[in-house]
Amino acid sequence: MNLEKFYNRVYDWVIVFGPRLILGIAVLFAGLWLVKIVIKWIQTSMHKKEVDPTAKPFLISVIGVALRVLLILGVMQILGIEMTLFTALVGAFGVAAGLALSGTLQNFASGIIILLVKPFQVGDNIVTQGLEGTVTSIQVFYTFITTFDNRAVIVPNSKLSNEVIINISRQGNRRLDIELKIGNAIDFDALKAVINGAIDKCKNTLAKPERRIGVASLEGDSYKVSVNVWVNAHGFQDTKLALQELILKDVKDSGIKLAGL
1220 MNLEKFYNRV
1230 YDWVIVFGPR
1240 LILGIAVLFA
1250 GLWLVKIVIK
1260 WIQTSMHKKE
1270 VDPTAKPFLI
1280 SVIGVALRVL
1290 LILGVMQILG
1300 IEMTLFTALV
1310 GAFGVAAGLA
1320 LSGTLQNFAS
1330 GIIILLVKPF
1340 QVGDNIVTQG
1350 LEGTVTSIQV
1360 FYTFITTFDN
1370 RAVIVPNSKL
1380 SNEVIINISR
1390 QGNRRLDIEL
1400 KIGNAIDFDA
1410 LKAVINGAID
1420 KCKNTLAKPE
1430 RRIGVASLEG
1440 DSYKVSVNVW
1450 VNAHGFQDTK
1460 LALQELILKD
1470 VKDSGIKLAG
1480 L
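Be aware that the sequence shown starts at 1220, since it is given in this note's numbering, and climbs by one per residue.
If you want it as structure tokens, here you go:
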């Protein structure tokens, strides 16, 4: 008799809630598919309207999360789950979730600050957390950086909004400093002419601001020459290597010996 009642209750539940359950599952999968379509359309629209590439990944992430939350709430309504119960559950787990996600929420707030203040943008070269690299993406919670030796670094946004960041490409150019140690017997004017010639041959050096070549310090049997030349911020390391090679070659070809060589 009890077994018969159980089967009757199951049958009644299937009759009453079965269609809702099937509809809810269908809406969930259809909704997830539709969300993907909408996000792709938004990405295409942003690309056509030339939206700031720094803001695009962040906005797409936020929109994607919002659409999925709305979809889940809609499915809950279809299944007949009372919102009062949902609110009670949220309230019950709110404190625990808040403590567990405090760092995540801080990363989210920091991401908004980064987009508003713009200490750096996608494509900028920055130094942070002891690393130097190019910003490739700014997401809701994290910023992605590719170092110059091709390591992918994922940095929490809170680390970037609360600590020192050196943006080494924002100004467009950088000063390249080279120091040479020369024996006292070497005429400085002759050496300066050789260095100027090497700089002129280097393709990526800039005429403005003007270069500086001077005696940095005097020692007992030698002196140090400081070379300051401005170059494009992007490609700085390549220019540095190329210019140092040219200076070394031209100095040696001129017969001038560097101290210690």
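We put the CB at the ideal spot given by N, CA and C, even for glycine.
From a predicted model like this one, the values you see are computed outputs, not experimental measurements.
- [ ] Take His-1453 as the anchor and find which of Leu-1253, Ile-1385, Pro-1276 and Arg-1393 has the nearest alpha-carbon.
- [x] Just measuring C-alpha positions, the residue of Leu-1253, Ile-1385, Pro-1276 and Arg-1393 sitting nearest His-1453 is Arg-1393.
Open item on the list: Only counting the same chain, and skipping five residues up and downstream in sequence, which positions put a Cβ closer than 7 Å to that of Val-1450?
Closed with: Correct list, in chain order: Asn-1392, Arg-1393, Leu-1395, Asn-1423, Thr-1424, Leu-1425 and Thr-1458.
- [ ] Starting from Gly-1416, follow the beta strand (DSSP E) in both directions and report where the run begins and ends.
- [x] No beta strand (DSSP E) holds Gly-1416; the alpha helix (DSSP H) holding it covers 1407-1420.
Open item on the list: On the DSSP letters alone, give me the boundaries of the beta strand (DSSP E) that Thr-1355 sits inside.
Closed with: Thr-1355 -> beta strand (DSSP E) spans 1350-1357.
- [ ] Using beta-carbon positions only, say whether Pro-1338 and Ile-1373 come within less than 8 Å of one another.
- [x] Between Pro-1338 and Ile-1373, the CB-CB gap reaches or exceeds 8 Å.
- [ ] Give the straight-line distance between the Cα atoms of Glu-1398 and Val-1434, rounded to the nearest whole angstrom.
- [x] When rounded, the distance between both Cα atoms is 10 Å.
Task: C-alpha gap between Ile-1357 and Val-1346, whole angstroms - done: Taking the straight line from one Cα to the other gives about 16 Å.
TODO: Taking Ile-1291 as part of the beta strand (DSSP E), name the residues at either end of that continuous run.
DONE: No beta strand (DSSP E) contains Ile-1291, which is instead part of the alpha helix (DSSP H) from 1275-1298.
Open item on the list: Could you give the first and the last residue of the continuous beta strand (DSSP E) run that contains Phe-1455?
Closed with: First-last for Phe-1455: 1455-1472, but that is the alpha helix (DSSP H), not the beta strand (DSSP E).
- [ ] Reducing DSSP to helix, strand and coil, say where Arg-1389 ends up.
- [x] Residue state, collapsed to three classes: coil.
Open item on the list: Let me confirm a value: Asp-1343 is counted as buried when at least 16 other C-beta atoms fall within 10 Å, else exposed. Which label applies?
Closed with: Asp-1343 is buried by the Cβ-count criterion.
Open item on the list: With three or more beta-carbon pairs closer than 8 Å as the criterion, would you say the region 1360-1379 touches the region 1414-1422?
Closed with: Using a Cβ-Cβ distance cut-off of 8 Å, the region 1360-1379 and the region 1414-1422 are not in contact, since fewer than three pairs of beta carbons, one from each stretch, lie closer than that value.
Open item on the list: Just to check my reading of the structure: Gln-1262 and Ile-1279 have Cβ atoms closer than 8 Å, yes? What is that Cβ distance to the nearest angstrom?
Closed with: That pair is a contact at about 6 Å.
Task: Cβ contact (3+ pairs, closer than 8 Å) linking the region 1277-1292 and the region 1245-1260 - done: Counting Cβ pairs under 8 Å, three or more are found: they touch.
TODO: Taking 8 Å as the cut-off, decide whether the C-beta atoms of Thr-1323 and Phe-1360 are in contact.
DONE: Yes, Cβ-Cβ distance for Thr-1323 and Phe-1360 is below 8 Å.
TODO: Going by DSSP, name the residue or residues bridged to Phe-1363.
DONE: DSSP output for Phe-1363 lists Ser-1356 and Ile-1373 as bridge partner(s).
Task: Pick from Lys-1427, Trp-1252, Val-1254 and Gln-1325 that is closest to Leu-1379, judged by C-alpha positions - done: Of Lys-1427, Trp-1252, Val-1254 and Gln-1325, the residue nearest in Cα terms is Gln-1325.
Task: Three-state secondary structure assigned by DSSP to Val-1346 - done: It is a strand residue.
TODO: Confirm, please, whether the CB-CB distance from Ser-1445 to Asn-1403 is below 8 Å.
DONE: The answer is no: Cβ separation not under 8 Å.
TODO: In the DSSP assignment, find the unbroken beta strand (DSSP E) run with Ala-1452 in it and report its ends.
DONE: Following the DSSP letters along the chain, one finds Ala-1452 in no beta strand (DSSP E), marked with neither H nor E.
Open item on the list: Would Arg-1239 and Ile-1297 be called neighbours here (beta carbons separated by less than 8 Å)?
Closed with: It is a contact, given that the beta carbons lie within the stated cut-off.
Task: Between the CA atoms of Gln-1456 and Leu-1410 - distance to the nearest angstrom - done: If I take the Cα positions, the gap works out to 24 Å.
Task: Span of the beta strand (DSSP E), counted from its first residue to its last, around Ile-1432 - done: According to the DSSP assignment, Ile-1432 belongs to the beta strand (DSSP E) that extends over 1431-1437.
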